[in-house]
Amino acid sequence: MRLEGKKWWSANTVKRHLAFSCKKIAKEEREKIIATQADDLFDPATFKFDPQLSRGLQTLFYIDAEIPFSATESRFWEPAMRSLRPEFRTIGRQTMRDDCVAVFKVGCDAILADFEELDSRVSFTSDIWTSSASLGYMCVTAHWIDKEFRFQKKIIALKQIPYPHTGQAVANLMEKIWDDWKLGDKIFALTLDNSSVNDNAVKNLENKLREKIPFGVSHMHMRCSAHILNLIVQDGMGIINTALKNIRDLLRHITSSGSRLQVLNTILDELKLPRKRGLTLDCSTRWNSTFLMVKEALGLKTALLKYVEVSSTMVGPSAEEWSDAEAMANFLEPFLDATKSFSNVRRPSSHTYIKEIWDIRRLLLDEDHRGNANLEELALQMQAKFCKYWENPNLIMTIATFFDPRYKFMFLKFCYHKAYGDEYEAKLNDVFTWLKRFYEEYESSMRNTARASSGSSSRVGLQVSGKRKLDEEFAQFNLKIVIFTRQCQSWINICKRLFLT
1 MRLEGKKWWS ANTVKRHLAF SCKKIAKEER EKIIATQADD LFDPATFKFD
51 PQLSRGLQTL FYIDAEIPFS ATESRFWEPA MRSLRPEFRT IGRQTMRDDC
101 VAVFKVGCDA ILADFEELDS RVSFTSDIWT SSASLGYMCV TAHWIDKEFR
151 FQKKIIALKQ IPYPHTGQAV ANLMEKIWDD WKLGDKIFAL TLDNSSVNDN
201 AVKNLENKLR EKIPFGVSHM HMRCSAHILN LIVQDGMGII NTALKNIRDL
251 LRHITSSGSR LQVLNTILDE LKLPRKRGLT LDCSTRWNST FLMVKEALGL
301 KTALLKYVEV SSTMVGPSAE EWSDAEAMAN FLEPFLDATK SFSNVRRPSS
351 HTYIKEIWDI RRLLLDEDHR GNANLEELAL QMQAKFCKYW ENPNLIMTIA
401 TFFDPRYKFM FLKFCYHKAY GDEYEAKLND VFTWLKRFYE EYESSMRNTA
451 RASSGSSSRV GLQVSGKRKL DEEFAQFNLK IVIFTRQCQS WINICKRLFL
501 T
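1 is the number of the first residue of the sequence shown in full-length UniProt numbering; add one for each residue after it.
What follows is the structure, given as C-alpha cells:
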C-alpha cells in the first residue's frame, strides 16, 4: 500500500498509517506505536464499543476524581452517558465499590511482586493522625531505589491504631504491616515525627530487629527533619508572640466579614494595589504558615494601617510590633527554603541532609542580627533547640553526603572543622571508621547472598566482582532514606475528608 501525502493532512494520518498499514515496519514495532497512541483507540473509523473497557475506565475515573460511589446512581448519569453511546450501561454503587477494591488489590499485588524481586533494602516514613473521635490512624510509605536506579515511593498502609495509642501498639502495627508486605528482612531506616510515642515504638522495634538490620540499629531511626525545624523555629518565635497575635487578630477581624473585606479592597483600590478575595491565616502549630501570614501582612502594611484608622472597633499592631515582625520575616526566610528542601519526596534527600543543617547552623550563628535584641534572643533560643537534635547528626546521613560528588570529603572536613574546632579530626575519624565498617559488612553480606543464591563460586565472582558495581549498589543502599513525612500527611488529609464528611 502506498501512502500519498496531501497538504491538508495532519501528522495523525501518518501515525495511523505507520501503526495499522505500513508493512515495512515489523509487527512488534507497529504494536509499540499503537500502544503510544491512546487517541487512536477512540478513532471513529476503527472504534468498537467494549463494555469491559468502558467499565474499567469508569472505575479509574471515579478513583482519580475521588467521586462518591453513590454518584453512579444519579438520575442524570446514565442518560448523559447513553447520549454518547446507547450501549452504555451504568453499574450500581456496590459494584463500583467492588471494582475499585479490585483495582486496589491488583495494584497491591504489583507492588508486592516488585518487593519480592527487590535485592536492596527499603526505608519507611510514617505519620499518625488522631481523629475527633480519638481514633488513631497510621500511614506508612515505603521508599526504595530500583534496579534502574530510579527512586520509588508507595503508600503501603493506612491503618487504625488499636487503643490506647502507646509505643507498643504503634510498634506492633508497624511489624504487622511489614509482615503483610513480606518486608521484615528488607528494612533499612524508619523516619518518624518527634514524639515520645514514636520514641517508645522505635525502642520496641530495635529490640526485635537488631539481628535483621545490617550494622545494628544505630542508624534505623530518623527523626523528621521538617518537624524538628518546626520545633526549633516555634521555640524562637514565642519571643514576638504579642506582635504575631496582633497581626493574626487584625487579619481574622477583616476576613470574618464580607463588608470589612470590602473596606480593605476599597483602600487597596485607592493605593492601586491588587484586590484581595481573602487573607492568609495561619495554623499556630506550623511556623511556615505563620511566616506566610506575616509576609502577606507586611505586603499590605500601608493598607492595613489605613484600615485601622477608619475602623472604630479594631486596634492594630504598634509600629514597634510591625518592625519586629519584619525583622523576624527577613531572618526566617532562609528557613522556609530549608523546609522546602527537607519536604522533597520525589527524589532521595539523605545526601542533602548535612548541607541543610549546616546552612541552618550558619544562619543561627550569623552576626548580622546582633543589632536587634529580639532577633538575638530568637537565635539563642533556636540554637539551644538545634543543639538538642542536630549537634551530632546521624552517621548514615554523613556517609550519604560523602557519596554526593558535589561535596565528598572536603565539604565534610570544612563543616566539621567549623562545627567542632580542634575536635574535628577525631569526629572525622569516627565517620570514616564507621564508613569502612559499613562498607565491609555490606560487601560481606552481598557475597554471602550471592553464594547462597547460586551455590557457585563463578556466579559469586560475576555478581560482586568489580568495585564500580559494588560502589553503585552500596550508594543505592544508602541514598533511600527520606527525611520528611509529608507524603503520609497528604494522604491523612484525604482520609480526614472521607471520615469527617
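Beta carbons are placed, not taken as given, at the ideal position from N, Cα and C, and that holds for glycine. Only a predicted model underlies this, so the values are computations on that prediction, with no experimental measurement involved.
On the DSSP bridge list, what partners appear for residue i?
i	result
Q160	Y137
D127	C139
A189	S123
F151	I145
Using the rule of at least 16 other Cβ atoms within 10 Å of the residue's Cβ for burial, across every protein chain shown, is residue i buried or exposed?
i	result
E309	exposed
R252	exposed
C139	buried
Q52	exposed
Q381	buried
K467	Annotation note: pLDDT 48 at K467 (below 50); position unreliable, no value reported.
A387	It is worth fixing the name first, because residue 387 is Cys in this sequence and not Ala. Result: exposed.
S465	Unreliable positioning characterises S465 in this predicted model, as indicated by a pLDDT of 43, which lies under 50. A coordinate reading is not provided.
K353	A quick correction: the sequence has Tyr, not Lys, at residue 353. The residue in question, Y353, is buried, as its Cβ has 16 or more Cβ neighbours within 10 Å.
D422	exposed
E425	exposed
A110	exposed
L271	exposed
A325	buried
G107	exposed
So, using beta-carbon positions, are residue i and residue j closer together than 7 Å?
i	j	result
V431	T398	yes
S70	R85	no
A189	M222	yes
T72	T90	yes
Y439	K427	no
I187	I213	yes
N265	R277	no
N288	L336	yes
I239	E377	yes
K301	I267	no
R82	F76	no
A379	L364	yes
A226	S343	yes
N230	E321	no
Between residue i and residue j, what straight-line distance do the alpha-carbon atoms span, to the nearest angstrom?
i	j	result
D235	N392	20 Å
V122	K159	20 Å
L332	R248	18 Å
E206	D185	13 Å
L395	D404	15 Å
L244	S318	11 Å
L112	S54	27 Å
A338	N330	14 Å
I155	D127	11 Å
S444	W434	15 Å
R150	H143	11 Å
Y407	T166	41 Å
T141	C224	13 Å
V315	E66	44 Å
Q168	E175	11 Å
S349	F47	47 Å
V101	A157	14 Å
G299	T255	16 Å
N372	L279	29 Å
Q152	M96	29 Å
P162	N198	15 Å
I145	R346	12 Å
K413	L192	29 Å
Would you identify the three-state DSSP class for residue i, choosing helix, strand or coil?
i	result
M222	strand
Y353	helix
W181	coil
T266	helix
R79	Before going on, a small fix: residue 79 reads as Pro here, not Arg. Helix at P79.
S311	coil
V217	coil
F409	helix
N372	coil
E87	coil
P274	coil
G107	helix
H417	helix
R248	helix
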